[in-house]
Amino acid sequence: MRVVVLLSGGLDSAACVAFYQKLDYDVEGLFCDYGQPAAKEEYSAAQQIAEHFDISLHVVRVDNLTIPNSGEISG
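No gaps in the numbering here: position 6 of the sequence shown is 513 in my numbering, and each next residue is one more.
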């Protein structure tokens, strides 16, 4: 069975990949770039996780969003 894990580049993302691989799932990674201030760093970390666990990494880019400077979306 296949599962897609959202990779933000953090520890939770890596733990999810490891968890599903241990259950013998076919894991794929997904990174979302919505213009967040830390997008470059998060993408780099997501790539490292994907390489470490030998999974594919797909990227979705969303344009035309207004992102506050703090990186958080309110509302």
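Ideal Cβ positions, reconstructed from N, Cα and C, are used throughout, including at glycine.
Drop a sphere of 10 angstroms on the beta-carbon of residue i, count the other beta-carbons inside from all chains shown, and report buried for 16 or more, exposed for fewer.
i    : result
S563 : exposed
Y541 : exposed
A521 : buried
Note down, in chain order, each residue of its chain lying with its Cβ closer than 6 Å to the Cβ of residue i, except the 5 sequence neighbours on either side.
i    : result
H565 : L537
L572 : Y541 and G542
C539 : V567
Out of the options, which one is the CA nearest neighbour of residue i?
i    : options             : result
R509 : Q528, C523 and V534 : V534
Note down the Cα distance separating residue i from residue j, rounded to an integer number of angstroms.
i    : j    : result
V524 : V567 : 18 Å
D519 : D570 : 26 Å
V512 : Q554 : 13 Å
D531 : A552 : 23 Å
What residue does the beta strand (DSSP E) around residue i start on, and which one ends it?
i    : result
V566 : S563 to R568
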